[in-house]
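Under the UniProt record's numbering, the first residue of the sequence shown is numbered 1, with each subsequent residue one higher.
All C-beta atoms, glycine included, are put in the ideal place defined by N, C-alpha and C.
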Amino acid sequence: MRLFPLSLQCRHASVLILIGMLWVLAVKQGQATAIDDYVIAAGDELQLDFLDDIAEPAVLKVGSAGEVLLPYVGTLDLAGLTLGSARDLLTATYVEKEIFLHPQLDLSVVNHRKVAVLGDVQKPGFYDYAAELTVEQAIGLAGGVIRQMDSEAQRALQRIALEGELAATENSLALEAVAAARITAQLAGRDEIAVPASLGNGSVEPALVDQMVAQQQDIISEERAFHATDRNLVERGVEEAKLQIDLTEKQIEAQEAQIVSYEQEVKRASELVNRGLMAEPVRAQILRQMTDERSVLLQLQAGQASRRRDLTALNRELLQLDYRRMQGWRTEMSDSLLRAAKLRETRRSLGERLALVKDWSLRTREGEETSRIVTQVRRREAGSGMETRELGETDQLLPGDALIVRIELRDPALAGEVSQ
């Protein structure tokens, strides 16, 4: 075996290490460039880290309008910007608002938007995005491509399922609308629900709407009866407390009169004792009786103070009954509006998916039994909106992509359509 000098071996090792480091840096630079080109959209979760600060990184949730809540600044629209452009914008914003002089910050994506896999797959739907997710892997997540002979049947089943989900969502929206109308009536002190005009557009069966309204009317009646009973109990407690206070007040007056009588009797007894007409023990006994009566008076006064506190608490409970009732309605209205907003977003998503499935069905043509898989992606590009392009199975997807998988028959008549 040939041995090289130690110095030469060290130089060889140094060269290999340097080459390895340069390769890693090149890979990381390429990854950083790809990450910086990522287009931010609603639903993303970003992480803002001030590199020259020991504070924990801030998580920025991109809202439906594309805005984020920026520390020390407020809301800022980032949707449609690439990650690199957003990082530059944040740096410029902090400098422009004179919050930081030379901010060193890093902006990264911590939670990506889900990827939609639709079309001729076993389990169409939304799937979590993973780094370097390819078209082939996404199709695998969706259970693989369906058999060509079942394509149209699968599309029909997809349409039926989506239409069912859409109908259920419409019904849920109708229920939220009726519930909101019920809460509005309760807040206004009305007994009757004003049915929203939007429910007359035919998307929900009138009989079902009538049933929803009847149920909400029952809620109004039952709640009003319960509140009246609850309030009546407290009002009865108030009346009983007032009656006890009046009775105790009369007892106190009688006790005070009794004490005055004892005081007069003690005065007469003292005069008789001084004149030698009454024994001292008799006067002492009268004094003890007067002291006992004063103790009774103190007990009555203490009990009266306690009853007055109870009356105050009952009156406060009456006020809180109405306050809690109004606050409960306001909270219920807020929750209902939030649920309705989520349902409208679900309806929009279902409508888009249903339109895509119908579009695929219209594009289906009869041909030879041999077929090919066509994969297209709908992607939001910075500054140009949504774009559709064809991808290969090894091409990588981006967060928020909608992958459309379609089985096309290799028929010469369809060649022109496929090429389009």
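Ser-108 is bridged by DSSP to Gln-47.
The Cβ neighbour count for Asp-120, taken over all protein chains shown within 10 Å, is at least 16; the residue is labelled buried. Within 10 angstroms of the beta-carbon of Tyr-72 lie fewer than 16 other beta-carbons, which makes it exposed.
Comparing C-alpha distances from Thr-169 to each of Ala-341, Asp-292 and Ile-193 shows the shortest one belongs to Ala-341.
Collapsing the DSSP output to three states places Lys-250 in a helix.
Going by beta carbons, Trp-360 and Arg-389 fall outside the 8 Å limit. Between Pro-399 and Tyr-127, the CB-CB gap reaches or exceeds 8 Å. Ile-404 has Leu-118 and Gln-376 as its beta-bridge partners, per DSSP. The bridge partners DSSP lists for Glu-390 are Gln-376. Counting C-beta atoms within 10 angstroms of its own C-beta, Gln-264 has fewer than 16 neighbours from the protein chains shown and is therefore classed as exposed. Residue burial is scored here from C-beta neighbours: Ser-336 has at least 16 other C-beta atoms within 10 angstroms and is therefore classed as buried. CA-to-CA, the gap between Ala-55 and Pro-103 works out to about 14 Å. In this structure, Leu-133 keeps its C-beta atom at 8 Å or more from the C-beta atom of Gln-376. DSSP places Gly-164 within a helical segment (H, G or I) once states are collapsed to three.
The beta carbon of Ser-203 sits closer than 7 Å to those of Glu-170, all from its chain and outside the five residues before and after it, given in chain order. Considering only Lys-114, Leu-107 and Ala-142, the residue with the shortest C-alpha distance to Pro-124 is Ala-142.
Sequence-distant Cβ neighbours of Val-209 in its own chain, meaning closer than 8 Å and more than five residues away, are Ala-174, Val-178, Val-195 and Leu-199. In the assembly as shown, Ile-286 is a buried residue. Its beta-carbon has 16 or more other beta-carbons within 10 Å. By the 16-neighbour rule on beta-carbons within 10 angstroms, Val-135 is buried. DSSP lists no bridge partner for Val-273.
Where Thr-75 is concerned, the enclosing beta strand (DSSP E) starts and stops at 74-77.
By the Cβ test, the region 264-274 is not in contact with the region 310-328, since fewer than three Cβ pairs between them sit closer than 8 Å. Under the criterion of beta carbons closer than 8 Å, Leu-297 and Glu-256 qualify as touching, at roughly 7 Å.
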